[in-house]
Amino acid sequence: MPASRLDTLPISHWGLDLRRPLVIAGPCSAESEEQLLTVARALKSDGRAQVMRAGVWKPRTRPGQFEGAGEQALSWLQDAKRETGLLLATEVATPEHVEAALKAGIDILWIGARTTPNPFSVQAIADALRGNDVPVLVKNPINPDLHLWIGALERLASAGVTRLAAVHRGFSWFERTPYRNSPMWEFPIRLKAAHPDLELLCDPSHIAGNADRIGGVAQQALDLGFSGLMVEVHPDPASARSDADQQLAPATFSELLDELIFRQPAPTAGMNDRLEELRDLIDQLDEEIAQKLGARMDIAERIGDHKRAHNVAILQPERWDRIMRRQLRLAAHLGLGETFVREMMDAIHRESIRRQSLEGVDGVPVGNPSASSKGA
Numbered sequence: 014m015p016a017s018r019l020d021t022l023p024i025s026h027w028g029l030d031l032r033r034p035l036v037i038a039g040p041c042s043a044e045s046e047e048q049l050l051t052v053a054r055a056l057k058s059d060g061r062a063q064v065m066r067a068g069v070w071k072p073r074t075r076p077g078q079f080e081g082a083g084e085q086a087l088s089w090l091q092d093a094k095r096e097t098g099l100l101l102a103t104e105v106a107t108p109e110h111v112e113a114a115l116k117a118g119i120d121i122l123w124i125g126a127r128t129t130p131n132p133f134s135v136q137a138i139a140d141a142l143r144g145n146d147v148p149v150l151v152k153n154p155i156n157p158d159l160h161l162w163i164g165a166l167e168r169l170a171s172a173g174v175t176r177l178a179a180v181h182r183g184f185s186w187f188e189r190t191p192y193r194n195s196p197m198w199e200f201p202i203r204l205k206a207a208h209p210d211l212e213l214l215c216d217p218s219h220i221a222g223n224a225d226r227i228g229g230v231a232q233q234a235l236d237l238g239f240s241g242l243m244v245e246v247h248p249d250p251a252s253a254r255s256d257a258d259q260q261l262a263p264a265t266f267s268e269l270l271d272e273l274i275f276r277q278p279a280p281t282a283g284m285n286d287r288l289e290e291l292r293d294l295i296d297q298l299d300e301e302i303a304q305k306l307g308a309r310m311d312i313a314e315r316i317g318d319h320k321r322a323h324n325v326a327i328l329q330p331e332r333w334d335r336i337m338r339r340q341l342r343l344a345a346h347l348g349l350g351e352t353f354v355r356e357m358m359d360a361i362h363r364e365s366i367r368r369q370s371l372e373g374v375d376g377v378p379v380g381n382p383s384a385s386s387k388g389a
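Residue numbering for the sequence shown is 14 to 389, as defined by the numbering used here.
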């Protein structure tokens, strides 16, 4: 994890009269002036969304699909702002997009998941923003790469952008999940741990990929202390020209906000004594876990010495299978998730292999995840 620090300002200091939780809402794509005005009026009537979002330029996987209305849509957004007073946000992917959006008075820009992984594109955008400290939201890259996400934020910060926030929209992943994009909450959590002052928003629409699941994802993000949400809202989702399945009608969006529980960002004074007591217990348990892991690794080294002395291979698949089955049975009894236990035990096993043989076994480099399924 990079040790660099991002000098960013909290949402309340962006100079846009924003509050936490920040709620950004609007259609995936700007399709017409009437569409944008309909959404803006609905959001204004509800009163809880502070910013209206709409994609003017839409990067699509294949050509021939709707790629946004282009620069003409910026004037539609301006009309919506004049009538409702809502702040505006749109995606930029090139310096030309930045120039046009700034000229149109767009209040907040965001960099999409297809642009974030390309350092050349991000640097070009950062250079175009130099001298213009407009707020910029950076979505995570499509694939789970925390360094690319941080690198994009660092490039913008180096260009003088201080009003920065990260947006978690999930990751494309080979494993099948109920979601369009796997949440992999550990990545935004690690990002926040590395940069505590960085504002972190969630895009539950892109994670869920389905209107019925948006509420659950949004609540999970709020429970984890995210600073706000970016939700896709369309006056007629069924007719949307992009991402129809994940957009909410304005009335459904209002119902979603009614059902969400917005958490306090920090404990109140009355909670602190009990919270500190519980945290002390966790600290004690963490210390005990570390001590027991250290003892386990010492025994693993002695097992390795014994195997070498008797010319026995370090990897013993049958033994590892028995260990994993036993741990999974215990995990079910204790209410621990199977995926968590497998990942934890695989990590312990890799370290055991490393301690037993610093030169690798049978050509398998030490620490290679594929070794974790073979056992020792």
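Even glycine gets a Cβ: it sits at the ideal position worked out from N, Cα and C. It should be emphasised that the depicted structure is a prediction, and the values quoted were computed from it without experimental measurement.
**Cβ-based neighbour list, M197, same chain, cut-off 6 Å, excluding 5 preceding and 5 following** = Taking the sequence shown and counting its residues from 1, the one referred to as residue 197 is at position 184. Hits under 6 Å: P157, F184.
**Message:** Quick check on DSSP: helix, strand or coil for I24?
**Reply:** Numbered from its first residue, the sequence shown carries residue 24 at position 11. DSSP places I24 within a helical segment (H, G or I) once states are collapsed to three.
**Item:** Separation of T190 from G228, as counted between CA atoms
**Value:** Position 215 of the sequence shown, counted from the start, is the residue given in the question as residue 228. Position 177 of the sequence shown, counted from the start, is the residue given in the question as residue 190. Spanning the two alpha carbons is a distance of roughly 17 Å.
**Message:** Classify F200: buried if its beta carbon has 16 or more other beta carbons within 10 angstroms, exposed otherwise.
**Reply:** On the sequence shown, residue 200 is found 187 positions in, with the first residue counted as 1. Here F200 is buried. Its C-beta has 16 or more other C-beta atoms within 10 Å.
**Message:** 8 Å is my cut-off, CB to CB: does G222 come that close to chain D?
**Reply:** In the displayed structure, chain D is absent; only one protein chain is listed.
**Item:** Burial state of T129 (16 or more Cβ within 10 Å)
**Value:** In the sequence shown, residue 129 corresponds to position 116, counting from 1. Looking at its Cβ environment, which holds 16 or more other Cβ atoms inside 10 Å, T129 is buried.
**Prompt:** Given that a residue counts as buried once 16 or more other Cβ atoms are within 10 Å of its Cβ, and exposed if not, what is T352?
**Reply:** Here residue 352 is taken as the residue at index 339 of the sequence shown, counted from 1. Under a 10 Å Cβ-count criterion, T352 is classified as exposed, with fewer than 16 other Cβ atoms of the shown protein chains found around its own Cβ.
**Prompt:** To the nearest angstrom, how far is it from the Cα of L177 to the Cα of N223?
**Reply:** Numbered from 1 along the sequence shown, position 164 holds the residue referred to as residue 177. Numbered from 1 along the sequence shown, position 210 holds the residue referred to as residue 223. Across the structure, L177 and N223 are spaced so that their CA atoms are roughly 28 Å apart.
**Request:** Could you name each continuous beta strand (DSSP E) segment of 3 residues or more that falls completely within the stretch 62–111, going from the start of the chain to the end?
**Result:** For the stretch 62–111, whole beta strand (DSSP E) runs of length 3 or above, ordered along the chain, are 64–66, 100–104.
**Item:** Bridge partner(s) assigned by DSSP for W123
**Value:** Residue 123 sits at position 110 when you count from the first residue of the sequence shown. Partner residues in the beta bridge of W123, as assigned by DSSP, are E104, L150.
**Request:** Give the DSSP-derived three-state secondary structure of I37 in the structure shown.
**Result:** The count along the sequence shown starts at 1 and reaches residue 37 at position 24. Residue state, collapsed to three classes: strand.
**Item:** Cα-Cα separation between L269 and T97, rounded to whole angstroms
**Value:** Counted from its first residue, the sequence shown places residue 269 at position 256. Counted from its first residue, the sequence shown places residue 97 at position 84. Looking at the two C-alpha atoms, the distance is approximately 22 Å.
**Asked** Going by DSSP, which residues form a beta bridge with E212?
**Response** Taking the first residue of the sequence shown as 1, we reach residue 212 at position 199. Paired residues: A178.
**Item:** Minimum C-alpha distance to F400 - residue among P248, L100, L142, L87
**Value:** There is no way to answer for residue 400, as the model of the chain reaches only from 14 to 389.
**Prompt:** Given that a residue counts as buried once 16 or more other Cβ atoms are within 10 Å of its Cβ, and exposed if not, what is L31?
**Reply:** Walking along the sequence shown from the start, residue 31 turns up at place 18. That one is buried.
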